[in-house]
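Using UniProt numbering, the first residue of the sequence shown is number 1, and each one after it goes up by one.
Backbone N, C-alpha and C define an ideal beta-carbon position, used for all residues, glycine too.
Since the structure is predicted, the reported quantities are computational estimates derived from the model, not experimental observations.
Here is the structure we will look at.
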Amino acid sequence: MTVHVYNPHVNIQDLITFLRRHCTVTIEPSRNLDSDGIWDGKWTVMVKLKEDPAAPDGIHHPSSSFSVGATQEEEQPENEGPDDKLDQVTKVLQEMRALASVMEASPPPSLGNSRAGRGLHGGGRAKPTRQPGGGRAQDQREV
């Protein structure tokens with residue numbers, strides 16, 4: 001069984017305790033790592049499902065979504081692959097492209113400054129200059 005953990009700080013013993021209420025844990029949970037050795041937020045745990053004579057197939061199945069303490073976990077069947085990551089990356093890239101196209105189509109925001117054409121700082125600060133004999137020349141604007 002694969003358990004997706006939304007909170008990476010969930011106590012693994014809490015997860016094991018919950019699972020033992022619904023099945024027999026045969027091998028302790030291990031972290032799923034991607035090709036770069038980074039944990040993907042999922043635990044793989046080997047379990048033996050308990051019998052349930054009242055169930056249509058005679059087996060008790062844990063809930064597909066459950067909470068442990070203040071966290072929420074989601075069970076994923078083993079046959080689901082890691083294509084979810086590709087879907088998530090694709091979605092993020094699409095959102096970034098949409099944002100970029102909106103930014104390109106929109107004019108820059110108005111700064112509420114009536115001194116148009118003088119740059120972001122309204123023309124800069126006055127900077128006095130000295131003439132070669134020690135006297136002051138007229139103020140010059142730095143643009």
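ask   = Using DSSP with H/G/I as helix, E/B as strand and the rest coil, what is Met96?
value = Here Met96 sits in helix by DSSP.
request  = Report the residue from Ser30, His22 and Pro56 whose alpha carbon sits nearest the alpha carbon of Ser63.
outcome  = The shortest Cα separation from Ser63 among Ser30, His22 and Pro56 belongs to His22.
query = Who are the Cβ neighbours of His60 in its own chain at under 8 angstroms, not counting the five residues just before and after it?
reply = Only residues of its own chain outside the window of five on either side were considered, and among them His22, Cys23, Leu49, Lys50, Glu51 and Asp52 have a CB closer than 8 angstroms to the CB of His60, listed in chain order.
ask   = I think Pro56 touches Trp43, with their Cβ atoms under 8 angstroms apart; what is that distance to the nearest whole Å?
value = In this structure Pro56 is not in contact with Trp43, their Cβ atoms being roughly 28 angstroms apart against a cut-off of 8 angstroms.
message = Buried or exposed for Val5, going by 16 or more other Cβ atoms inside 10 Å?
response = By the 10 Å Cβ count, Val5 comes out buried.
inquiry  = What does the Cβ neighbour count give for Leu33, buried or exposed, with the cut at 16 atoms within 10 Å?
reply    = So Leu33 ends up on the exposed side.
inquiry  = By alpha-carbon positions, which one of Val10, Arg20, His9 and Pro8 ends up nearest to Met1?
reply    = The candidate whose alpha carbon is nearest that of Met1 is Arg20.
query = If we count the other Cβ atoms within 10 Å of its Cβ and call it buried at 16 or more, is Val45 buried or exposed?
reply = Flag for Val45 reads buried.
key: Which residues DSSP lists as bridging Lys91, in chain order   = DSSP lists no partner for Lys91.
ask   = Which residues bound the beta strand (DSSP E) around Ile27?
value = Boundaries of the beta strand (DSSP E) harbouring Ile27: Cys23 to Leu33, taken from the DSSP string.
key: Cβ-based burial, Val3 [other Cβ within 10 Å; buried from 16]   = For Val3, the number of other beta carbons within 10 angstroms of its own is at least 16, and it is reported as buried.
key: CA-to-CA distance, Ala54 to Pro8, given in whole angstroms   = Roughly 35 angstroms separates the two Cα atoms.
query = What are the residues that DSSP puts in a beta bridge with Met46?
reply = For Met46, which the question treats as bridged, DSSP gives the partners Ile27.
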